[in-house]
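2 protein chains.
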Amino acid sequence: MTRTAFFISDGTGITAESLGRSLLAQFANVEIRMLTKPYVDTVDKARTLVAIIEATAVKDGEQPIIIDTIVDQAIRDVIRQAPGFQVDIFSTFLKPLEQELDTHSSYSVGRTHAIGSDDVYMDRIHSVHFALDNDDGARTHQYNQADIILVGVSRCGKTPTSLYLALQFGIRAANYPLTEDDLDENGILKLPRVLAAHRHKLFGLTIDPRRLAAIRHERRPNSRYSSLDQCMQEVQQAEALYRRMQVPYIDTTRFSVEEISTRMIAETGLTRRFSPR
Amino acid sequence: MTRTAFFISDGTGITAESLGRSLLAQFANVEIRMLTKPYVDTVDKARTLVAIIEATAVKDGEQPIIIDTIVDQAIRDVIRQAPGFQVDIFSTFLKPLEQELDTHSSYSVGRTHAIGSDDVYMDRIHSVHFALDNDDGARTHQYNQADIILVGVSRCGKTPTSLYLALQFGIRAANYPLTEDDLDENGILKLPRVLAAHRHKLFGLTIDPRRLAAIRHERRPNSRYSSLDQCMQEVQQAEALYRRMQVPYIDTTRFSVEEISTRMIAETGLTRRFSPR
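First to last, the sequence lines map onto chains Z and S. End of the first sequence = 279 in our numbering, gap-free, step of one. End of the second sequence = 279 in our numbering, gap-free, step of one.
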């Protein structure tokens, strides 16, 4: 039996969905179809949605779960008429918060993820372009402006992590690939010269060689580049370098981009320039 | 008088922070310092944090606001001892949800933003690399694989939006810059030939010319490229093209990357390949 959950918002729906998925993740044994309904910002849109929820209730044979972050009272009143198990986040917490803060809430429509001030916006966009300009060792002369420099073998997750740090937190992340060009005469991976001056900014990524081989195989099937032997050797060399140089590092095999990024920030004490509001 | 809010999680802290910022955004007249404390996943870490909260309460002269999504009971018990106005999301909603779903929650530690299955992971990473490979018209032969193709003048927000769509939703977004090369013999912007075959995938971005000039000025100060005249002309041409060709478009001046992306999805009915869990 499948249940349906609606995450409803007058804005992007990011908060309602994030909370909804967190709560429902605790019920792994129930199959739940999750639908996000953003920008429900008029009574008319709310009425249309209620009709959809009613139809879903009939089809499922069970009332849907409704998790919403709508602020406007008239729209809320419509949603409250939908047949469903209603998790009303704002009314549950706003009233007590009003008392605690000894003030009235503004009940302004969902602008949680709204654009911030010009400066904050520019910082965020600048960080994205910084990550792109300094991706994959393309440029190294801006490393003095970097907040963090990710190092690791090709396709271990440097680029997505750099971009996530930029988009979510406005952090300026460069990244540099460790390759065979950086092996010394004894076949040992050494710290590339361009990185030596920025050792305190380095953060290493590592990955399970089998996963790495699978990822590389998508790009260049059946090549030396994607062979398990090659991947094992590169990963081993990279990890040895991190330990020798005391570069903090994280294994990306087990973690999502969100987890890698937030763990990095927690470990290094990096300051965000931007927070999604 | 400044109050302090702590967003506490045993995982990334993304859910607690997202909800906390949403709730507190309703109290624009109160100055609130917001601190996110992720990975509080042991009793020891919780005790250290409680000491910090106690010190903050003394310094502020007011109890902090505590918003947490911790699942583990022993860790929760420690946090509950902190002096603060506690917004306990999970205990407020999990018990009623258990009843409604007629099952016990697993009370598993915060893996909301955990890595998904290999396939989902690969889809997400593939989408990020797709956005990079197809950024700024660099490549056009993969447009048949694109879910959406963003068009607009240089620096109107195409790249950050493409990357956000990829990272957050696994959507494959290419982007193509509209430039003077695409003016016809009468000086009218025409739809570039490489885009004509994919008209149904196009989504336009526009921007206030003054904001555009400011953004471009950061990149190439005092150039023709960053002059207000040039920006006004380009934006006018682009908007005329969107209307003539019935390309849906959005003004990025007023919206954050989150809003642009989620509005695009809502308008086009694009399917996500990935949802942050």
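Glycine included, each C-beta is placed from N, C-alpha and C at the ideal position.
message: Can you look up S:Gly139 in the DSSP assignment and give me helix, strand or coil?
response: Helix, per DSSP.
message: So, for S:Met247: in the same chain, excluding its five sequence neighbours on each side, which residues have a beta-carbon less than 8 Å away from its beta-carbon?
response: Cβ neighbours of S:Met247 beyond the five flanking positions: Leu193, Arg201, Leu204.
message: Please state whether the Cβ-Cβ distance between S:Ala175 and S:Leu152 is less than 9 Å.
response: Inclusion of S:Ala175 and S:Leu152 in the CB contact set at 9 Å is warranted, their separation being smaller than that value.
message: If you measure between the beta carbons of S:Tyr251 and S:Thr181, is that distance less than 9 Å?
response: No.
query: So, helix, strand or coil for Z:Met266, using DSSP?
result: Residue state, collapsed to three classes: helix.
- prompt: Looking at the structure shown, is S:Pro211 part of a helix, part of a strand, or coil, going by DSSP?
  reply: Residue state, collapsed to three classes: helix.
query: Leaving out the 5 sequence neighbours to the left and right, which residues in its chain are closer than 7 Å to S:Val237 when beta-carbon positions are compared?
result: Closer than 7 Å at Cβ, skipping near neighbours: Val155, Thr208, Ile209, Pro211, Leu214.
query: Would DSSP call S:Ala198 helix, strand or coil?
result: Of the three classes helix, strand and coil, the one that applies to S:Ala198 here is helix, per DSSP.
query: Cβ of Z:Ala240 within 9 Å of Cβ of Z:Ile190?
result: For Z:Ala240 and Z:Ile190, no; Cβs fall outside 9 Å.
field: Any chain Z beta carbon closer than 9 Å to S:Arg126
entry: Interface criterion met: the Cβ of S:Arg126 is under 9 Å from a Cβ in chain Z.
- prompt: Exposed or buried, what is S:Gln195 when buried is set at 16 or more other beta-carbons lying within 10 Å of its beta-carbon?
  reply: Per the sequence shown, residue 195 of chain S should be read as Arg rather than Gln. Exposed, because fewer than 16 other Cβ atoms sit within 10 Å of the Cβ of S:Arg195.
- request: Might you give, ordered along the chain, the residues of its own chain that have their beta carbon closer than 7 Å to the beta carbon of S:Arg141, omitting 5 neighbours on each side?
  value: Excluding sequence neighbours, S:Arg141 sits near Asp135.
- prompt: Are three or more beta carbon pairs between the region 24-42 of chain Z and the region 91-108 of chain S nearer than 8 Å?
  reply: The region 24-42 of chain Z makes contact with the region 91-108 of chain S; the number of CB pairs closer than 8 Å reaches 3 or more.
field: Within-9 Å CB hit, S:His131 to chain Z
entry: Interface flag for S:His131 against chain Z is set, since a Cβ pair is found closer than 9 Å.
task: Would you tell me roughly how many angstroms separate the C-alpha atoms of Z:Thr14 and S:Asn146, rounded to the nearest one?
output: If I take the Cα positions, the gap works out to 28 Å.
- prompt: So, S:Ala18 versus S:Pro66, is the Cβ gap smaller than 9 Å?
  reply: No; because the gap between Cβ atoms is not below 9 Å, this pair is not in contact.
- prompt: Of all the options S:Ile55, S:Thr4, S:Asp62, S:Ala48, which has the alpha carbon lying nearest to the alpha carbon of S:Ile72?
  reply: If we check each option's Cα against that of S:Ile72, S:Ala48 comes out closest.
query: Which of helix, strand or coil does DSSP assign to Z:Val89?
result: Three-state DSSP puts Z:Val89 in a strand.
- request: Look at Z:Ser11 and Z:Asp70 and say whether their C-beta atoms are less than 9 Å apart.
  value: Less than 9 Å separates the beta-carbon of Z:Ser11 from that of Z:Asp70.
message: Considering just the uninterrupted stretch of the alpha helix (DSSP H) at Z:Arg49, what are its terminal residues?
response: Here the alpha helix (DSSP H) through Z:Arg49 covers 45-62.
Extent of the continuous beta strand (DSSP E) to which S:Arg35 belongs: Residues 33-39.
message: Between S:Tyr244 and chain Z, is any beta-carbon pair separated by less than 9 Å?
response: Proximity of S:Tyr244 to chain Z, defined by a Cβ-Cβ separation below 9 Å, is not satisfied.
message: Can you tell me where the alpha helix (DSSP H) holding S:Phe171 begins and where it ends?
response: Membership of S:Phe171 in the alpha helix (DSSP H) is indicated by the continuous run 160-171.
field: Minimum C-alpha distance to Z:Lys39 - residue among Z:Arg157, Z:Gln28, Z:Val52
entry: Cα-wise, what sits closest to Z:Lys39 is Z:Val52.
query: For Z:Asn31, which residues in chain S fall below 7 Å Cβ to Cβ?
result: In chain order: Thr105.
query: Hey, would you say Z:Phe257 sits closer than 9 Å to S:Val89, going by beta carbons?
result: No, Cβ-Cβ distance for Z:Phe257 and S:Val89 is not below 9 Å.
task: Could you spell out where the alpha helix (DSSP H) holding Z:Thr17 opens and where it closes?
output: For Z:Thr17, the enclosing alpha helix (DSSP H) has its first and last residue at 16-26.
query: Which residues mark the beginning and the end of the alpha helix (DSSP H) in which Z:Val80 is found?
result: Taken as a continuous stretch (DSSP letters only), the alpha helix (DSSP H) holding Z:Val80 covers 75-82.
message: Is there a Cβ of chain Z sitting closer than 9 Å to that of S:Arg265, yes or no?
response: Yes, contact with chain Z.
- prompt: By a C-beta neighbour count over all protein chains shown, 10 Å radius and 16 as the cutoff for buried, is S:Val130 buried or exposed?
  reply: Flag for S:Val130 reads buried.
query: By the 10 Å Cβ neighbour count, where 16 or more other Cβ atoms means buried, how is S:Asn177 classified, buried or exposed?
result: Around the beta carbon of S:Asn177, 16 or more other beta carbons sit within 10 angstroms, so the residue counts as buried.
- prompt: Per the contact definition of three or more C-beta pairs closer than 8 Å, is the region 52-64 of chain Z in contact with the region 22-29 of chain Z?
  reply: No, the region 22-29 of chain Z does not touch the region 52-64 of chain Z.
field: Beta-carbon gap between S:Arg157 and S:Arg245 smaller than 9 Å
entry: With a cutoff of 9 Å on beta-carbon distance, S:Arg157 and S:Arg245 are scored as not near each other.
query: Buried or exposed: S:Pro1, going by 16 or more other Cβ atoms within 10 Å of its Cβ?
result: For residue 1 of chain S there is no data in the structure shown, the boundaries of chain S being 3 and 279.
message: Using beta carbons (cut-off 9 Å, strictly below), is Z:Gln28 in contact with chain S?
response: At least one chain S Cβ lies under 9 Å of Z:Gln28.
query: Taking DSSP as the reference, what is the three-state secondary structure of Z:Pro98?
result: Reduced to three states, the DSSP call for Z:Pro98 is helix.
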